[in-house]
Amino acid sequence: MRYSLLTIVLVSLSVQQVVAIPPLVKRQQIDDATVLNFALTLEHLENAFYQGALAKFDQKAFVAAGLPKYARGRFSQVAEHEKAHVKFLSDALGNKATQPCTYDFPYTDPKSFAALSQVLEGVGTSAYTGAAQLISNKDYLTAAASVLATEARHASWVASAVNGFAGWSGPFDVPLDLNQVYTLAAPFITSCPSSNPALPVKAFPSLTLSKSAPGSRSSVAHKAEATATHIVFFTGLDKIFVPITDGEVEVPKGLSGQVYALATSSGTEANDSTTVAGPTILSFEHDSNNNLIS
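FYI, in mature numbering (1 follows the signal peptide of the UniProt record, and there is no 0) the residues of the sequence shown are -20 to -1, 1 to 274.
Printed below as a string of C-alpha cells:
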C-alpha cells in the first residue's frame, strides 16, 4: 500500500477542528445552486492547492525532487483548468457564489505535492460522480460532466505520468456523497468567510486504519461516540462490508488504486444515517503487471 505517510497526514489533519464549517441547510433544500456552490467550494480548494504549490516550488525544485522535467509545466496547465472551473461556477452562480476559504495543505516538497494532487483529483472525480444525481437542470448536468471528465484526466495523468502508477483504480470510479466528500476536504480548510452561503454538509469523525495490505488484518480507530460494527470499502461501484472483530477488520483482497473506507453501524447500508466515522483514503498501487507495490 503506497502513500502510507500521506495517509497518516490526512488522518492527522482530519482530527483537527475546522474553524469555520459552513452553516447547514436541510437536505430537502438541496437545489442546483446548492450543488454548484458545493462544487465551487471544492474548486476553490483545488485552485488554492495548485496556485500555492507552484508559487512555492520552481522548476529546479521539481527536477531536484526526481519528478519528470515536464511535470511542473503540466501542473501549471492543471492549475489553469482549476482556475477556469472556479470562474465558470462563479459566473453561473453570480452573487450567490461562495468565496474561497483559507487552507492548509501538508505538502513539504514537490514529491509530496504530486502525491497529494493524485489524491485530491481522485476525490474531485468521486465528488462530481456522486453529485450528478442531485442536479436537475440538464445544462448544468452537462457542464458538470465536462468538468468531471477533466478532473478524471488530471487524476490519471498525475498517477501515471508523474507518480508512476496506474492511471485508474479499475473500470469504475467511486461515487461519494456530499458529506463523505466534505469529510475528506474539511481537514484542509482552516477558516471561511461568514458570508458564504449555507451548505448541507457536515464532517464525520475521522477514521484510522493501520497500515495493511489486501488480505491482511488492520486495526480500526475512531473517536466517534457511536459504535461501529463494520468497515465498508468503496471500490468502483462496489461496497464491501466487513465486520469489525476485536477492534480489527480484514482488508478485502483484490483492492486496487484509490479506495475509501467508512465505519458504519450497519452491515448492509452505508449512508449518512449509518455512518460512524470516515471515510478515510487507502491507496493500493499496482505496477504494469498488476503486482501490488509495497
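Quick reminder that beta carbons are idealized off the backbone N, C-alpha and C, glycines included.
Just so we're clear, the structure is a prediction, and the values are computed from it rather than from any experiment.
Within 9 Å, strictly: CB atoms of residue i and residue j
i: residue 159; j: residue 255; result: yes
i: residue 202; j: residue 190; result: no
i: residue 287; j: residue 264; result: An answer regarding residue 287 cannot be provided, because it is not within the stretch -20 to 274 covered by the chain.
i: residue 43; j: residue 49; result: yes
i: residue 231; j: residue 197; result: yes
i: residue 99; j: residue 261; result: yes
Beta carbon proximity, residue i to chain C, threshold 9 Å
i: residue 271; result: You won't find chain C in this structure, because it holds only one protein chain.
Neighbour-count burial assignment, residue i, 16 or more Cβ in a 10 Å radius
i: residue 4; result: Because the pLDDT of residue 4 is 48, which lies under 50, any placement of that residue in the model is unreliable, and the number read from its coordinates should be weighed accordingly. Looking at its Cβ environment, which holds fewer than 16 other Cβ atoms inside 10 Å, residue 4 is exposed.
i: residue 23; result: buried
i: residue 106; result: buried
i: residue 90; result: buried
i: residue 75; result: exposed
i: residue 101; result: buried
i: residue 27; result: buried
i: residue 153; result: buried
i: residue 155; result: buried
Integer Cβ distance of residue i from residue j, believed to fall under 8 Å
i: residue 168; j: residue 93; result: Their Cβ separation, rounded to whole angstroms, is 13 Å, which puts residue 168 and residue 93 out of contact at 8 Å.
i: residue 242; j: residue 258; result: 4 Å
i: residue 137; j: residue 54; result: 7 Å
i: residue 247; j: residue 210; result: 5 Å
i: residue 222; j: residue 250; result: The Cβ separation is near 12 Å, so there is no contact.
i: residue 173; j: residue 39; result: Not really, about 34 Å apart at Cβ, beyond 8 Å.
Rounded separation between residue i and residue j - CA only
i: residue 62; j: residue 73; result: 17 Å
i: residue 163; j: residue 34; result: 26 Å
i: residue 30; j: residue 96; result: 11 Å
i: residue 177; j: residue 77; result: 8 Å
i: residue 132; j: residue 148; result: 9 Å
i: residue 1; j: residue 166; result: The pLDDT assigned to residue 1 is 48, lower than 50, so where the model puts this residue is not dependable; a value taken from the coordinates is nonetheless given after this. Whole-angstrom Cα-Cα distance: 8 Å.
i: residue 125; j: residue 150; result: 19 Å
i: residue 41; j: residue 134; result: 21 Å
message: Count Cβ pairs between the region 133 to 149 and the region 107 to 123 that sit closer than 8 Å; are there 3 or more?
response: no
query: Three or more C-beta pairs closer than 8 Å, one from the region 10 to 20 and one from the region 170 to 190: is that the case here?
result: Verdict: yes, contact present.
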